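J.:
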Amino acid sequence: MKQYETVIGLEVHVELATKTKIFCGCSTAFGSAPNSHTCPVCTGMPGSLPVLNKQVVEYAMAVGLATNCKINQNCKFDRKNYFYPDNPQNYQISQLYHPICLDGGIEIETESGLKVIGIHEIHMEEDAGKLIHDDVRDCSIVDYNRSGVPLIEIVSEPDMRSADEVIAYLEKLRLIIQYLGASDCKLNEGSMRADVNLSVREVGATEYGTRTEMKNLNSFRAITRAIENERERQIRILESGEKVIQETRRWDDNKEYSYAMRSKEDAMDYRYFPEPDLVSVVISDEWVESVKLRQPELRDEKLKRYKEEYDIPEYDAKIITNSKKMADIFEEATSICKQPKKVSNWLMVETLRLIKETGTDADNLSFAPVNLAMLIELVEEGKINGAVAKEVFEHIFKEDINPREYVKEHGLESVNDEGELETIVVQIVNDNPQSVADYKAGKTKAIGFLVGQGMKATKGKANPGVLNRLFAEVLNRM
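My numbering numbers the first residue of the sequence shown as 2 and each following residue consecutively.
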């Protein structure tokens with residue numbers, strides 16, 4: 002059998018985090034009642050005129066700069082004509098001829114090593130509405146809330162050769178955009194969607210094969226499975242002596258199957274022409290520089306700084322910085338309690354455990370960093386022990402409680418009075434002669450049972466280390 006190479010390029014659509022739409026003042030809030038965020042502009046009423054949202058341009062520039070693109074300082078909008086029920090104007094305002102960003106690239110890392118994936122362009126455009134298909138009533142209904150929501154489309158070069166490289170690219174892109182604050186990039190809500198252009202060719206061939214496009218994949222799992230399935234489908238076609246048809250396909254992740262939607266259109270089929278209702282966007286050097294100056298520290302820079310400044314393990318730093326929210330919690334909590342390793346430990350152990358148990362997304366963590374810092378301070382001050390701290394942290398994670406107030410209200414402060422603890426220790430020793438005999442016989446593990454009894458007697462509020470020392474002292478005096 003011939004050996005084949007997969008060639009993949011992506012078109013990634015990202016909804017920008019503006020409060021209002023790209024060409025009107027309607028809200029972009031997700032999850033509202035259908036058709037409640039609409040106006041004559043975003044529903045395509047005759048005579049309505051678009052007005053460009055400046056923040057859209059700045060977010061597009063920020064993403065372009067962070068992905069090493071050149072900023073096109075004289076870019077223009079074009080009208081892309083097509084007819085579909087979720088497109089109220091019967092055209093989409095986009096950028097074909099003069100996009101805002103060009104010729105960039107980002108470095109990814111997979112098991113195969115480092116690789117740069119080229120970015121052909123980034124352009125601004127408006128989103129369409131959303132069709133909802135009702136099988137019960139055998140009809141389709143449309144929600145125009147999403148119509149006019151600002152998008153950037155990031156078009157890669159065909160530089161990826163596997164699903165692993167695609168996922169690494171998407172993860173890197175998502176983190177860059179999240180760190181910039183340009184989008185939340187929630188695939189499950191559609192604020193980040195990927196179209197996969199894929200072809201196969203014999204290993205060593207220089208010409209690309211015929212590509213297909215799979216539209217609007219919105220989970221990494223679906224993207225991986227769709228790529229693997231489409232690669233196998235095209236190889237089967239070529240091995241049977243037939244030709245791959247250039248077409249748009251829809252992936253059904255539940256059925257693990259893709260089906261043809263339509264033959265692939267060329268750009269001319271959309272009858273693009275310059276958008277007559279919008280002037281060119283002229284971007285001055287000063288405007289570009291002002292966006293550059295506001296660029297935050299991105300993940301790669303943060304990783305390097307964490308290793309130098311905080312001396313935490315590289316593995317911990319990678320996990321923490323893989324979520325902007327977790328990185329923000331780490332830095333703010335550390336700035337308060339000055340204990341970077343302990344903050345890291347709480348995030349890496351208890352936080353990740355509770356994230357897994359509750360099915361919480363790391364980007365949706367809702368507890369205040371000051372409460373984690375306060376908990377660490379309580380442990381350092383000896384006010385609570387480790388077991389109590391874990392109990393309190395669960396309430397911080399779920400309810401964002403103030404740990405000092407919670408410990409006081411529930412009587413969880415450690416028993417640190419050694420006189421009081423010694424009285425308890427003596428009583429336990431007198432009540433457990435067998436354990437005493439075992440200890441005297443050289444079975445030092447017997448002291449563990451006694452310490453456990455001491456923790457039980459103090460309702461878990463004693464310091465285990467102090468109890469261990471007091472038991473040893475009392476037993477050695479006998």
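Even glycine gets a Cβ: it sits at the ideal position worked out from N, Cα and C. Predicted model only: the values in this text are computed from it and were never measured.
#1: Using the Cα positions of residue 149 and residue 74, report the straight-line distance between them to the nearest angstrom.
#2: Starting from the C-beta of residue 58, find all residues in its chain whose C-beta is less than 8 Å away, skip the five residues before and the five after it, and write them out in chain order.
#3: So, are the CB atoms of residue 157 and residue 123 less than 8 Å apart?
#4: What does the Cβ neighbour count give for residue 134, buried or exposed, with the cut at 16 atoms within 10 Å?
#5: Check whether the Cβ atoms of residue 160 and residue 111 sit closer than 8 Å, and answer yes or no.
#6: Tell me where the beta strand (DSSP E) around residue 9 begins and ends.
#7: Identify the continuous alpha helix (DSSP H) that holds residue 512 and give its terminal residues.
#8: Compare the Cα-Cα distances from residue 115 to each of 328, 445, 173 and report the closest residue.
#9: Can you look up residue 102 in the DSSP assignment and give me helix, strand or coil?
#10: Given a threshold of 16 other Cβ atoms within 10 Å of its Cβ, counted over all protein chains shown, does residue 268 qualify as buried or as exposed?
#11: Suppose contacts are defined by Cβ-Cβ distances below 8 Å. Is residue 6 in contact with residue 201 by that definition?
#12: So what does DSSP say about residue 84, is it helix, strand or coil?
#13: DSSP beta-bridge partners for residue 71?
#14: Let's test the definition: count the other Cβ atoms within 10 Å of the Cβ of residue 478 and tell me whether it reaches 16, buried, or not, exposed.
#15: Taking the alpha-carbon of residue 362 as reference, which of 307, 186, 92 has the nearest alpha-carbon?
#16: Would you mind listing the beta strand (DSSP E) stretches within the stretch 174-237 that are 3+ residues and don't spill past its ends, in chain order?
#17: Within the chosen definition, does the stretch 386-405 reach the stretch 455-465 through at least 3 CB pairs nearer than 8 Å?
#18: If you check the beta carbons only, do residue 144 and residue 36 fall under 8 Å apart?
#19: With contact counted as at least three CB pairs below 8 Å, one residue from each stretch, are the stretch 459-472 and the stretch 395-406 in contact?
#20: Under 6 Å Cβ to Cβ from residue 69, same chain only, skipping five residues before and after it: list those, please.
#21: Using DSSP with H/G/I as helix, E/B as strand and the rest coil, what is residue 472?
#22: Any idea if residue 341 is buried or exposed, counting beta-carbon neighbours within 10 angstroms, 16 or more meaning buried?
#23: Give, in chain order, every unbroken run of the alpha helix (DSSP H) that is at least 4 residues long and sits entirely within the stretch 299-346.
#24: At what residues does the alpha helix (DSSP H) containing residue 405 begin and finish?
#25: Which class does residue 21 belong to by DSSP, given the choice of helix, strand or coil?
#26: Is the beta carbon of residue 261 less than 8 Å from the beta carbon of residue 224?
#27: Using a Cβ-Cβ cut-off of 7 Å (strictly less than) and excluding sequence neighbours within five positions of residue 132, which residues of its own chain qualify?
#28: Please check the pair residue 8 and residue 210, which I expect to be a contact at CB under 8 Å, by giving their CB distance rounded to whole angstroms.
#29: Go through its chain and collect everything with a Cβ distance to residue 333's Cβ below 7 Å, but skip five positions before and after it.
#30: Could you please give me the residues that DSSP links to residue 108 through a beta bridge?
T.: The structure says:
#1: If you draw a straight line from the Cα of residue 149 to the Cα of residue 74, it comes to about 24 Å.
#2: 101, 125, 282, 284.
#3: In this structure, residue 123 does not lie closer than 8 Å to residue 157 by Cβ.
#4: Its Cβ having fewer than 16 others within 10 Å, residue 134 is exposed.
#5: Contact: no.
#6: 5-16 is the span of the beta strand (DSSP E), which, as asked, contains residue 9.
#7: Any property of residue 512 remains undetermined from this structure, which presents the chain solely from 2 to 479.
#8: Comparing Cα positions, the closest option is 173.
#9: Residue 102: strand per DSSP, three-state reduction.
#10: Note that residue 268 scores a pLDDT of 49, beneath 50, so its modelled location is shaky; the value from the coordinates is reported in the next line. Its Cβ having fewer than 16 others within 10 Å, residue 268 is exposed.
#11: Here residue 6 is near residue 201, since their CB atoms are less than 8 Å apart.
#12: When DSSP states are grouped into helix, strand and coil, residue 84 belongs to the coil group.
#13: In the DSSP output, where bridge partners are listed per residue, residue 71 has 103.
#14: It is exposed - the Cβ of residue 478 has fewer than 16 other Cβ atoms within 10 Å.
#15: Of 307, 186, 92, the residue nearest in Cα terms is 186.
#16: The beta strand (DSSP E) runs lying completely inside the stretch 174-237 and spanning 3 residues or more are 193-203, 213-218, given in chain order.
#17: A contact between stretches requires three or more CB pairs, one per stretch, nearer than 8 Å, and the stretch 386-405 meets this requirement with the stretch 455-465.
#18: For residue 144 and residue 36, yes; Cβs fall inside 8 Å.
#19: Counting C-beta pairs with one atom in each stretch, the stretch 459-472 and the stretch 395-406 have fewer than three that are closer than 8 Å, which means they do not touch.
#20: Same-chain partners within the cutoff: 105, 106.
#21: In the structure shown, residue 472 sits in a helix (DSSP, three-state: H, G or I).
#22: Residue environment for residue 341: buried (at least 16 other C-beta atoms within 10 angstroms of its C-beta).
#23: As summarised for the stretch 299-346, the continuous alpha helix (DSSP H) elements at least 4 residues long and confined to that stretch are 300-310, 315-322, 325-338, given in chain order.
#24: For residue 405, the enclosing alpha helix (DSSP H) covers residues 404-410.
#25: In this structure, residue 21 counts as strand in the three-state DSSP scheme.
#26: In this structure, residue 224 does not lie closer than 8 Å to residue 261 by Cβ.
#27: Excluding its 5 nearest sequence neighbours in each direction, residue 132 has C-beta neighbours in its own chain below 7 Å: 86, 87, 141, 143, listed in chain order.
#28: Contact flag correct, Cβ pair sits at about 7 Å.
#29: Cβ-Cβ distances below 7 Å link residue 333 to 370 in the same chain, with the five nearest sequence neighbours on each side left out; the list follows chain order.
#30: According to DSSP, residue 108 shares a beta bridge with 117.
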